[in-house]
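Per my numbering, the very first residue in the sequence shown carries number 3; after that it's consecutive.
For every residue, glycine included, the Cβ atom is placed at its ideal position computed from N, Cα and C.
Here the structure is a predicted model, which means the values were calculated and not measured.
The structure under discussion appears below in the form of structure tokens.
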Amino acid sequence: MKNSDYNSLFINTFVRSGPPLVRGKGMYLYNASGKKFLDFGTGIAVSALGHSHPLIVNELKKQGSRLLHVSNYYITPSQIELAQLLLKNSFGGRVFLCNSGTEANEGAIKFARKWAKQTSPEKYHILSFSDCFHGRTYGSLSATAQEKFHKGFEPIVPGFHYAPFNDIGETQKILEQYQFAAIIIEPLQGEGGVNQVTTEFLTFLREYADTHRIALIYDEIQCGMGRTGAVWCYQHYGIEPDIMTLAKPVGGGIPLGAVICKDAIAEVITPGDHGTTFGGNPLACALGCVVLKEITKKSFLKQIRDSGAYLGKKLNGLKEKYPFVSSVRGRGLLLGIQLDIDPAPVVNKCKELGLLLIKAEHHTIRFMPPLIVSRKDIDAAADIFEKALLMNK
Ligand SMILES: Cc1ncc(COP(=O)(O)O)c(C=O)c1O
């Protein structure tokens, strides 16, 4: 099938090209023509343990022959185990299980609004920050402070406001204008260009939220689950949220998302307020347990920090060498390299040369390999990337 033929099959939401991908093993993906790709995009930060990891494959077989689906009118052992693991490894509270990142954020926004409205019916406003990305469904889309994603789909949901990321003065001005139910922030923005929140800004948000009874929501859908070298990115700051959302890698490649919520907020939610048919299905949760047990190992987290430091050194080396590399940002294995040249042809050239990377805002290219990446893989990726850079400068 030619590239143009894909558009006659699918609604044109993604630019897709080349032969279909048919197989994955470890750090590599293979297409139908047998071409091999080193995967530094990880299906947008999903396949944390790489492709076809034996632990995942075994659990798939085990749980697949045991039980695939029951509704949320019932409970299953893997749901219980996953909730226990999530709470033990975070800030406690209670869990809502769903299927994706956008759905986790929808849940978080609804829970925060219902909780805040106990104080006043006007306390429903939600604040988010420039360059953030929270998803594509209407609540999460409305929280996404990037106009390009709203274009053509207005009106967005009422009550959403935006402040400049890491700007305490401007944020305070906006916070003082409305009765806010929640502030939602990615501690490390992915899609928006790999931008880290400052300790000062997060401290300000925590203190303001506490004083004004606002729920502080961390969206750790991309930066959580070990990616930055701690189980959760917020742990680098030691500043806890009231609600946290996660998804992407948690299901080991099967759709799974979750909202973790402090008890005081969770307690206002009653049966019928919110729900999902598939959320927390037994298969996804069984895989979730495998992923969480693996990434919470101290030795695994240390390996992520070491690999992240090595990758950072490589990318900073390119920055020293080439004036058109303007900055390297991020933490652990979520790093972004900003170019003064158009990054799109560089990413395309990398693909041609056998390396998969993903763009972000502000001329940035994201490096987010599976967390099992080795130094040898990093060396190989850096070599291909440098070649592609030189071909496009
Ligand atoms: C930080 C963040 N939040 C939310 C989402 C939406 O997740 P999903 O695509 O699973 O709906 C994404 C996806 O890229 C994300 O990076």
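Quiz item: Assuming R307 and A47 make a contact with CB atoms under 8 Å, what is their CB distance in whole Å?
Solution: Counted from its first residue, the sequence shown places residue 307 at position 305. Counted from its first residue, the sequence shown places residue 47 at position 45. Between A47 and R307 the Cβ distance is about 17 Å, and since that is not below 8 Å, they are no contact.
Exercise. Pick out whichever of D265, H238, Y324 has its Cα sitting closest to the Cα of R333.
Key: Within the sequence shown, residue 333 is the residue found at index 331, counting from 1. Residue H238 is the option with its Cα nearest to R333.
Quiz prompt | At least 3 beta-carbon pairs within less than 8 Å: the region 315-325 vs the region 84-97 | solution = Output reads no: the region 84-97 does not touch the region 315-325.
Quiz item: Near P372, what residues of its chain come up, given a Cβ to Cβ distance below 7 Å and the 5 sequence neighbours on each side ignored?
Solution: In the sequence shown, the residue the question calls residue 372 occupies position 370. Same-chain partners within the cutoff: M29, D41, T44, S49, A50, L51, G52.
Self-check item: N- and C-terminal bounds of the alpha helix (DSSP H) containing V292
Solution: Along the sequence shown, read from residue 1 onward, the residue named residue 292 stands at position 290. Unbroken alpha helix (DSSP H) run through V292: 284-297.
Quiz item: Closer than 6 Å: is that where the CB of D221 sits relative to any heavy atom of ligand 1?
Solution: The residue you call residue 221 lines up with position 219 of the sequence shown. Checking every heavy atom of ligand 1 against the Cβ of D221, one is found closer than 6 Å.
Quiz item: Under a three-way DSSP split, which group does A183 fall into?
Solution: Residue numbering aside, residue 183 sits at position 181 when the sequence shown is read from its first letter. Reduced to three states, the DSSP call for A183 is strand.
Quiz item: Regarding T121 and ligand 1, is the C-beta to nearest heavy atom distance less than 6 Å?
Solution: Stepping through the sequence shown from its first residue, residue 121 is reached at position 119. Relative to the non-hydrogen atoms of ligand 1, the Cβ of T121 never comes closer than 6 Å to any of them.
Quiz prompt | Between the CA atoms of I128 and F369 - distance to the nearest angstrom | solution = What you label residue 369 is simply residue 367 of the sequence shown in a count that begins at 1. What you label residue 128 is simply residue 126 of the sequence shown in a count that begins at 1. When rounded, the separation of the alpha-carbon atoms in F369 and I128 is 31 Å.
Quiz prompt | Any non-hydrogen atom of ligand 1 within 6 Å of H152 CB | solution = Taking the first residue of the sequence shown as position 1, residue 152 is located at position 150. No, the Cβ of H152 stays beyond 6 Å of every heavy atom of ligand 1.
Quiz item: Between the beta-carbon of L320 and the beta-carbon of A286, is there less than 7 Å?
Solution: Numbered from 1 along the sequence shown, position 318 holds the residue referred to as residue 320. Numbered from 1 along the sequence shown, position 284 holds the residue referred to as residue 286. Going by beta carbons, L320 and A286 fall outside the 7 Å limit.
Practice problem: Could you tell me the boundaries of the alpha helix (DSSP H) in which N60 lies? | Solution: Indexing the sequence shown from 1 puts residue 60 at position 58. 56-68 is the span of the alpha helix (DSSP H), which, as asked, contains N60.
Quiz prompt | D381 versus K315 - alpha carbon distance | solution = Reading the sequence shown from its first residue, position 379 is the one you call residue 381. Reading the sequence shown from its first residue, position 313 is the one you call residue 315. In a straight line, the C-alpha of D381 is about 11 Å away from that of K315.
Quiz prompt | ligand 1 heavy atom lying under 6 Å from the CB of F206 | solution = Position 204 of the sequence shown, counting from 1, holds the residue named residue 206. Relative to ligand 1, the beta carbon of F206 is positioned no closer than 6 Å to any heavy atom.
Quiz item: Are the beta-carbon atoms of G255 and G290 separated by less than 7 Å?
Solution: As a first step, residue 255 is located in the sequence shown; it is residue number 253 there, counting from the start. As a first step, residue 290 is located in the sequence shown; it is residue number 288 there, counting from the start. Against a cut-off of 7 Å, the Cβ pair of G290 and G255 comes out as no contact.
Quiz item: So, is M393 buried or exposed, given that buried needs 16 or more other C-beta atoms within 10 angstroms?
Solution: For the purposes of this step, residue 393 is taken as residue 391 along the sequence shown, with counting starting at 1. With a threshold of 16 other beta carbon atoms within 10 Å, M393 falls short and is exposed.
Practice problem: Could you check how far apart the C-beta atoms of I267 and F16 are, in whole angstroms? I think they sit under 8 Å. | Solution: For the purposes of this step, residue 267 is identified with residue 265 of the sequence shown, where counting begins at 1. For the purposes of this step, residue 16 is identified with residue 14 of the sequence shown, where counting begins at 1. At roughly 35 Å, the Cβ-Cβ gap does not stay under 8 Å, so I267 and F16 are not in contact.
Exercise. Note down, one range per segment and in chain order, each alpha helix (DSSP H) of at least 4 residues found wholly within the region 194-273.
Key: Entirely contained in the region 194-273, the alpha helix (DSSP H) runs reaching 4 residues are, in chain order, 201-213, 265-268.
Self-check item: Where L70 falls, given that 16 or more other Cβ within 10 Å makes a residue buried
Solution: One-based indexing of the sequence shown puts residue 70 at position 68. By the 10 Å Cβ count, L70 comes out exposed.
Quiz item: According to the Cβ coordinates, are P189 and Y210 closer than 7 Å?
Solution: Residue mapping note: residue 189 aligns to position 187 of the sequence shown, counting from 1. Residue mapping note: residue 210 aligns to position 208 of the sequence shown, counting from 1. Going by C-beta atoms, P189 is not nearer than 7 Å to Y210.
Quiz item: Between which two residues does the beta strand (DSSP E) containing G45 stretch?
Solution: What you label residue 45 is simply residue 43 of the sequence shown in a count that begins at 1. For G45, there is no enclosing beta strand (DSSP E); the enclosing alpha helix (DSSP H) covers residues 44-47.
Practice problem: Could you tell me whether the Cβ atoms of A288 and S80 are closer together than 7 Å? | Solution: The residue labelled residue 288 in the question sits at position 286 within the sequence shown. The residue labelled residue 80 in the question sits at position 78 within the sequence shown. Against a cut-off of 7 Å, the Cβ pair of S80 and A288 comes out as a contact.
Quiz item: For the 8 Å Cβ check, are there 3 or more pairs between the region 91-99 and the region 265-283?
Solution: Contact between the region 91-99 and the region 265-283 is present, because at least three Cβ pairs lie under 8 Å.
Practice problem: Measure from the alpha carbon of G356 to the alpha carbon of each residue in K38, K304, N107, N9, then state which is nearest. | Solution: As a first step, residue 356 is located in the sequence shown; it is residue number 354 there, counting from the start. Distances from the CA of G356 to each of K38, K304, N107, N9 were compared; the closest alpha carbon is that of K38.
Self-check item: DSSP state of H152 mapped onto helix, strand, coil
Solution: Residue 152 sits at position 150 when you count from the first residue of the sequence shown. Secondary structure of H152 (DSSP, three-state): helix.
Quiz item: Comparing the CB of S102 with every heavy atom of ligand 1, is any distance shorter than 6 Å?
Solution: By 1-based counting over the sequence shown, the position of residue 102 is 100. S102 has its Cβ nearer than 6 Å to a heavy atom of ligand 1.
Practice problem: Examine ligand 1 and report whether any of its heavy atoms sits within less than 6 Å of the Cβ of E193. | Solution: On the sequence shown, position 191 is the one that residue 193 refers to. If you check the C-beta of E193 against ligand 1, you find a heavy atom less than 6 Å away.
Quiz item: Which of helix, strand or coil does DSSP assign to F280?
Solution: Start at 1 with the first residue of the sequence shown, and residue 280 comes out as number 278. Of the three classes helix, strand and coil, the one that applies to F280 here is coil, per DSSP.
Quiz item: For I216, which option in I339, T104, I111 has the closest C-alpha, if you only look at C-alpha atoms?
Solution: Along the sequence shown, one-based indexing puts residue 216 at 214. Checked all of I339, T104, I111; the closest Cα to I216 is I111.
Practice problem: Confirm, please, whether the CB-CB distance from L303 to G192 is below 7 Å. | Solution: Reading the sequence shown from its first residue, position 190 is the one you call residue 192. Reading the sequence shown from its first residue, position 301 is the one you call residue 303. The Cβ-Cβ distance between G192 and L303 does not fall below 7 Å.
Quiz item: Looking only at its own chain, which residues have a Cβ that is under 6 Å from the Cβ of G282, when we skip the five neighbours before and after it?
Solution: One-based indexing of the sequence shown puts residue 282 at position 280. Non-local beta-carbon contacts of G282 in its own chain, meaning distances under 6 Å to residues more than five positions away in sequence, involve Q81, L99 in chain order.
Quiz item: What are the boundary residues of the alpha helix (DSSP H) that includes A383?
Solution: For the purposes of this step, residue 383 is taken as residue 381 along the sequence shown, with counting starting at 1. Element bounds for A383: 377-394.
Quiz item: Can the beta-carbon of S142 be found closer than 7 Å to that of N107?
Solution: Indexing the sequence shown from 1 puts residue 142 at position 140. Indexing the sequence shown from 1 puts residue 107 at position 105. It is a contact, given that the beta carbons lie within the stated cut-off.
Quiz prompt | DSSP beta-bridge partners of A147 | solution = Within the sequence shown, residue 147 is the residue found at index 145, counting from 1. In the DSSP output, where bridge partners are listed per residue, A147 has S132.
Self-check item: 8 Å contact criterion, which G1 and F135 should meet: CB distance rounded
Solution: Lying outside 3 to 395, the shown extent of the chain, residue 1 is not represented and no answer is given.
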